[in-house]
Every structure is written in C-alpha cells, then in structure tokens.
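Residue numbers (this note's numbering): 2 to 317.
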C-alpha cells in the first residue's frame, strides 16, 4: 500500500540531487490497521520526497519504508534499495521477528509501555507514532468504532461480529447520533453481521485502507477501539477518551494486559452502561495525565521519517 501524493516543485538540493526528484517507496499491509496508520503518519513528515509503491520499481527508488511486510523488504534489498523496516503493531509473545540484517529496523513501541519481550536484533524503538494533527474538531459528534481483525482467529472474529458488534453500533447510533465502523479486514463479515443497520444513513462501514482514520477520530465524540497501538497512540496524542473493545487474538490480549499495568482505560463491556458514553469535561479528567511525559515525546513518526530521508539523501 502506498500513499501517492504530488511533490511540490522545489529547487532545493542536497548532495547534488534535487530533493523533489527523489522517489521513495512506501509500503504497508493493507489488511493490518496498525500498518496502515503507521505508514500514513510517517508519510506526513516526508515533505518534498516523491512517493511510489511496489508496483513501480523502475527506475528503482532511492530508499523505501516498509511497514511489517518481510517479503517486500527482502525483495527491495535484493534490488539494492535501502530499506527502513518498521514493525507497526504490538507483537505480543513471542517477541517480534527481526528484520533482515541489511534493513534499518524500527519497532513501534511507546516509551511508557511495558515491553512484551526484548527488541528484535538490530531494531530500535520509535516511541509513539502520533498523528500529525493532534487537535480535534470543536463540533465533533458521533462514535468511531475502530476494529482490528488482523491476525485474529476466524472463530473469534466471527463471534464478536455476530455477537457484540451490532449491540455497540445500535447503542452508538442511539446515544451519539451516528456511528462509523472501520475495520482492517473482514469487511464483508461485519456488514453481514450488522444486517439492515449497515444500510442506515447514519451508519458507515469502511476498510481502514480506504478511510482517513485519524481525521474520522478528530470529528468523533466517542472512540471505541480494539486494543492496538495505532488506536491507543491516536487517543494519547489527542488526550481523548478511549474505551477498549474486547481484545481479540493473542497480540491484543497481551497488549491489553500490559496496558492494565500502567493505564486505567475503561473496557467496553455493556452497551447500556451510561459511563461508556459520558464524556469528560476536559482532557485532564482522562487517564493520559498519569503517563510521565518524559518517557515519550510523541515524535516517533518524525524520527522514522528523518531516518528515511537520510537514506534517500545519502551520497550515491
């Protein structure tokens, strides 16, 4: 998956090469929420660098950012392309797989989060990959229900979709006026489970790769999300309320357990619970003030982008 945006024409040069003429390849797993969000947040800081994707390898890009996909990373390294390989999500036990030794390895890990294991060989933590825009709309309304089914056993995904999902969507519609459901994979499963509710004019269902999740969150009053890093860091960066959906799969359960050690986030257990829909008067009423700001500066996306730019601008 790539973000294709036109570069501004600029005469700026570095190392004898025009910056706007440099092409960097951006790739992520389209069916993994964390991967999609991480790529977009880093891409927002790439400035004039032109972007391409794995379908356009000629001429070869000067560098690449690959989120999670080892096959793409290996392919690019075989072509002589320098690669920043970014592990975007919480790996859970066992520890994350190490990227190829020739790649620059990075792992999305907030500085305050208890680790699930040692870092993969040759990999550095990024800190929080925050959205570029940390403000929220003053006229926000409705509910964003952000669901990740990546790596979730099929039986668990089907049980949630055919069980709790409809109740939460109905409650969100009743309590907040509208509901946007975003998932990384399993879109047909969710639409089928929602039935006629999916056709309601105030209910929308999207794939994450086709939606601007960070913008949807900025416009939403209530945020219900799977326990995944992309959702967690989105709420943290904006000091916004977050209610965690039931963890699905081993990685989500492990992250939920580690979160419980340091952060008292509410869980989505009963759609009829008025506490789920009650919004705090200000950000200080939420849990984010409990985190030591010295542990993470929320600039992980900028650091990854800077590393990619350094690879792209290095003398040939």
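In this text, a Cβ means the ideal position worked out from N, Cα and C, and glycines have one as well.
If you're wondering where the values come from, they're calculated on a predicted model, not measured in any experiment.
- Counting C-beta pairs closer than 8 Å gives fewer than three between the segment 103 to 120 and the segment 206 to 218, which falls short of the contact rule.
- Under the three-state reduction of DSSP output, residue 170 falls in the helix class.
- Contact between residue 85 and residue 308 holds, with the beta-carbon distance rounding to 6 Å and staying under 8 Å.
- Straight-line spacing of the CA atoms in residue 27 and residue 55 works out to 8 Å.
- Taking the Cα of residue 128 as reference, the smallest distance to any Cα among 175, 287 and 299 is reached at 299.
- The Cβ atoms of residue 188 and residue 170 do not sit closer than 8 Å to each other.
- If the five residues before and after residue 191 are omitted, its C-beta is found closer than 7 Å to the C-beta atoms of 162, 166, 182, 184 and 206, all from its own chain and listed in chain order.
- DSSP links residue 161 through a beta bridge to no other residue.
- Residue burial is scored here from C-beta neighbours: residue 139 has fewer than 16 other C-beta atoms within 10 angstroms and is therefore classed as exposed.
- Going by beta carbons, residue 272 and residue 172 fall inside the 8 Å limit.
- Residue 250 has its alpha-carbon roughly 6 Å from the corresponding atom of residue 154.
- Selection 25, 31, 30 and 35 evaluated against residue 253 yields 35 as nearest (Cα-Cα).
- Going by beta carbons, residue 112 and residue 142 fall outside the 8 Å limit.
- Within the same chain, Cβ atoms closer than 7 Å to the Cβ of residue 176 are found at 278, the five residues on either side in sequence being excluded.
- Contact check for residue 203 and residue 174: beta-carbon distance about 6 Å, within the 8 Å limit, so the pair qualifies.
- Scanning its chain for C-beta atoms nearer than 6 Å, with the 5 sequence neighbours on each side dropped, one finds around residue 91 the residues 230, 252 and 256, in chain order.
- In the DSSP secondary-structure assignment, residue 207 is bridged to 183.
- Excluding residues up to 5 positions away in sequence, 272 lie with their Cβ nearer than 8 Å to the Cβ of residue 168 in the same chain.
- Residue burial annotation: residue 293 is exposed, with fewer than 16 other C-beta atoms found within 10 angstroms of its C-beta.
- Spatial neighbours of residue 312 in its own chain (CB-CB distance under 6 Å, excluding positions within 5 residues in sequence) are listed in chain order as 64 and 83.
- Under the DSSP assignment, residue 275 falls in the alpha helix (DSSP H) whose first and last residues are 275 to 278.
- When C-alpha distances from residue 89 are compared across 227, 214, 80 and 40, the shortest belongs to 40.
- A direct Cα-to-Cα measurement between residue 137 and residue 236 gives close to 11 Å.
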